[in-house]
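Undergrad: Numbering (the numbering used here), first residue to last: 425 to 850. For glycine and all other residues, C-beta sits at the position ideal for the given N, C-alpha and C. Below you'll find the structure I mean.
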Amino acid sequence: MRSMIQRPRGTRDFGPADMFRRRKAERAMRDICHRYGFGEVVTPTFEQSELFTLRSGQSIVDEMYVFKDKGDREIALRPEITASVIRLFVNEMSNQPKPLKLYYVGNCFRYENPQSGRYREFFQLGAELIGNENPETDAEVISLAVNCIRAAGLQDFQVRVGHIGVMKSLALSGVQDPALAGRALRMIDKKDFDAMGDMFDANSLSRNLFDRITALAETRGGTEVLDDVEDVKAQQHLKELFEILKLQGVEDVEIDLGIVRGLDYYTGMVFEIDAPRLGAEKQILGGGSYTLSELFGGEAVFSTGFAIGIDRVMLALDAEQEAPEYAPLDAYVVPTEDAMRKYAFAIVSKMRSKGLRADVDLMRRSMSKNLKYAASVGVRYAVIVGKEEMSKRSVTLRDMKTGEQKQVPADFVAEELENSLGKGAP
RNA sequence: GCCGGGGUGGGGUAAUGGUAUCCUUGGGGAUUGUGGAUCCCUUGAACCGGGUUCGAUUCCCGGUCCCGGCCCCA
425 MRSMIQRPRG
435 TRDFGPADMF
445 RRRKAERAMR
455 DICHRYGFGE
465 VVTPTFEQSE
475 LFTLRSGQSI
485 VDEMYVFKDK
495 GDREIALRPE
505 ITASVIRLFV
515 NEMSNQPKPL
525 KLYYVGNCFR
535 YENPQSGRYR
545 EFFQLGAELI
555 GNENPETDAE
565 VISLAVNCIR
575 AAGLQDFQVR
585 VGHIGVMKSL
595 ALSGVQDPAL
605 AGRALRMIDK
615 KDFDAMGDMF
625 DANSLSRNLF
635 DRITALAETR
645 GGTEVLDDVE
655 DVKAQQHLKE
665 LFEILKLQGV
675 EDVEIDLGIV
685 RGLDYYTGMV
695 FEIDAPRLGA
705 EKQILGGGSY
715 TLSELFGGEA
725 VFSTGFAIGI
735 DRVMLALDAE
745 QEAPEYAPLD
755 AYVVPTEDAM
765 RKYAFAIVSK
775 MRSKGLRADV
785 DLMRRSMSKN
795 LKYAASVGVR
805 YAVIVGKEEM
815 SKRSVTLRDM
825 KTGEQKQVPA
835 DFVAEELENS
845 LGKGAP
């Protein structure tokens, strides 16, 4: 029977096995955030749509879920969370001591065409460091980002760091019309140099400038490529940044001055992380430094942040490794006959109170069926309670992997199991 | 928004212009205190709408959803 109500396009359901994997990765990344001194914040899933339209380009606005609520307010489901965090900062945290380190995990919504690694509801973990624009700040954020990805278990990924000021100042130096310069930046982002060449010719812009821009956009490599950069401030910034990163054990980071990032609000350092084996949607993280707060009515405060696409991280993990085994139960209590069923609850309750993941037959199944069930669900130990055991105030522990059995006193089942399971239940 | 490929029980499949095969899974039973075995019973399917036709799961059109790609991003 097919249910009449379908899941909305571009959304997903996650079953227990999925969530086991997701939470594991998420927990690992949260743990890193806390170790870096970032505190968690939660902001509303929906906001006044203006919060997002203020700063984002038309492209984001076009794909937002927007609606009027019953009070005729224009509301949008958040397409990302940075704007909300900065709003929160401006509204209620602007007097807190700097630097302010905040992180978040949440779902975001974009009305896009779904494909591999792209959904209409997707999940991000992100962090914002609000305070200054020093290289230390940028390094801290990049280091956090890289360690989150590592902690999630991903091995094959590429970190690329650039500086948007370099390209922006170069483009603006030769292109007076800001709209035109913006178009040029967008073409640089797409690496569509043919179109940019046509545009330059059409507006009779310098061919020399074009060459310098394309060269810059292709500039990738180690810190030595910075020597040719004319923007001394940016050059210094990135050099210091890389020194600090190295001291934090973050190496294998590439300079990529071609990173422009579509969003206009980035002002300085920008960075991206790719998982190469993902194909079309391989970018798993994007970030950089910006000054958003003034846009929302606060003072201009420098921040650096990033957002990780959790769904893409999970896809990348899938591509890299076998899914970890999902074993939902440590123990399953099997009564041998109906007379034992109630007593079985006392046993399972004792184990649960000790922190073990334990279950008991609710289906009134035969013993044989119960053991079959326990095996198919992946239980570690069957706890068999029957007449014989009860007369001795004991139960039989059966290791479902090896088939070994032993009788233990009923009062010590939990302790015995804890020992057998080693390091206790996760 | 655009382009390509798809849509048969929960999952995987077969055939077919005359309402559907097989496997698996789920539930029950047998073996009457030890398991993934065997046997038996049982639940359960053609994405939606329109058209062609005596008749459509099958052919045609539209929509929808899934998979992938462009664009953009996470």
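What whole-angstrom Cβ distance do G711 and E557 have, given they're in contact under 8 Å?
TA: Between E557 and G711 the Cβ distance is about 14 Å, and since that is not below 8 Å, they are no contact.
Undergrad: Identify, in the order they occur along the chain, each residue of the same chain with its Cβ nearer than 8 Å to the Cβ of Q397, setting aside the five sequence neighbours on each side.
TA: Absent from the model: residue 397. The displayed extent of the chain is 425 to 850, so no value can be given.
Undergrad: What do you reckon, are the CB atoms on R534 and E696 nearer than 8 Å?
TA: no
Undergrad: Start and end of the beta strand (DSSP E) containing G711?
TA: 707 to 714
Undergrad: Do S818 and A798 come within 8 Å of each other at the CB atom, strictly closer than that value?
TA: no
Undergrad: Would you tell me roughly how many angstroms separate the C-alpha atoms of F470 and Y756, rounded to the nearest one?
TA: 43 Å
Undergrad: List in chain order: all unbroken alpha helix (DSSP H) runs of 4+ residues lying wholly within the segment 502 to 537.
TA: 506 to 512, all fully within the segment 502 to 537.
Undergrad: Hey, how far is the Cα of E840 from the Cα of K766?
TA: 22 Å
Undergrad: Quick check on K830: does DSSP put it in helix, strand or coil?
TA: In this structure, DSSP gives K830 an extended state, which the three-state scheme calls strand.
Undergrad: Looking only at C-alpha atoms, which of A500, A569, F438, T477 sits nearest to A852?
TA: The question about residue 852 has no answer here: the residues shown for the chain are numbered 425 through 850.
Undergrad: Taking its Cβ as the centre, do 16 or more other Cβ atoms sit within 10 Å of K525, making it buried, or is it exposed?
TA: buried
Undergrad: Can you check which of these residues, L604, S518, L594, D562, is closest to T638 by C-alpha distance?
TA: L594
Undergrad: Rounded to the nearest angstrom, how far is the Cβ of Q659 from that of L669, given a contact under 8 Å?
TA: Their Cβ separation, rounded to whole angstroms, is 16 Å, which puts Q659 and L669 out of contact at 8 Å.
Undergrad: Any contact of the segment 499 to 508 with the segment 434 to 448, i.e. 3+ C-beta pairs under 8 Å?
TA: no
Undergrad: Let's test the definition: count the other Cβ atoms within 10 Å of the Cβ of A699 and tell me whether it reaches 16, buried, or not, exposed.
TA: buried
Undergrad: On the CB-based measure, 16 or more other CB atoms within 10 Å of its CB, does H872 come out buried or exposed?
TA: The requested residue 872 does not occur in the structure, where the chain is confined to residues 425 to 850.
Undergrad: Tell me which same chain residues have a C-beta within less than 7 Å of the C-beta of E654, skipping the five on either side of it?
TA: Same-chain partners within the cutoff: there are none.
Undergrad: Judging by CA-CA distance, which residue of L478, E705, I683 is the nearest neighbour of N537?
TA: Relative to N537, the option among L478, E705, I683 whose CA is nearest is E705.
Undergrad: Going by other Cβ atoms of all chains shown within 10 Å of its Cβ, with 16 needed for buried, is I429 buried or exposed?
TA: exposed
Undergrad: Any chance the segment 506 to 524 sits against the segment 720 to 737, with 3 or more Cβ pairs inside 8 Å?
TA: In short, these stretches touch, since the Cβ pair count reaches three.
Undergrad: How about A605 and L596: do their beta carbons lie closer than 8 Å?
TA: yes
Undergrad: Kindly indicate which three-state DSSP category G598 falls into: helix, strand or coil?
TA: helix
Undergrad: What three-state label does DSSP hand S480 in the structure shown?
TA: coil
Undergrad: Which residue's Cα is closest to the Cα of Y714: G589, L671, A740, E450?
TA: G589
Undergrad: Helix, strand or coil for D680? Go by DSSP, reduced to three states.
TA: Looking at D680 - three-state DSSP - the assignment turns out to be strand.
Undergrad: With 16 as the cutoff for other CB atoms within 10 Å, does K825 come out buried or exposed?
TA: exposed
Undergrad: Return the Cβ separation of M775 and A782 in integer angstroms, given the expectation that the two are a contact with Cβ distance under 8 Å.
TA: 4 Å
Undergrad: Mind checking R379: buried by the 16 CB within 10 Å criterion, or exposed?
TA: Within the shown structure, residues of the chain are numbered from 425 to 850, placing residue 379 beyond reach of any answer.
Undergrad: Could you please give the first and the last residue of the uninterrupted beta strand (DSSP E) stretch that includes V758?
TA: 755 to 759
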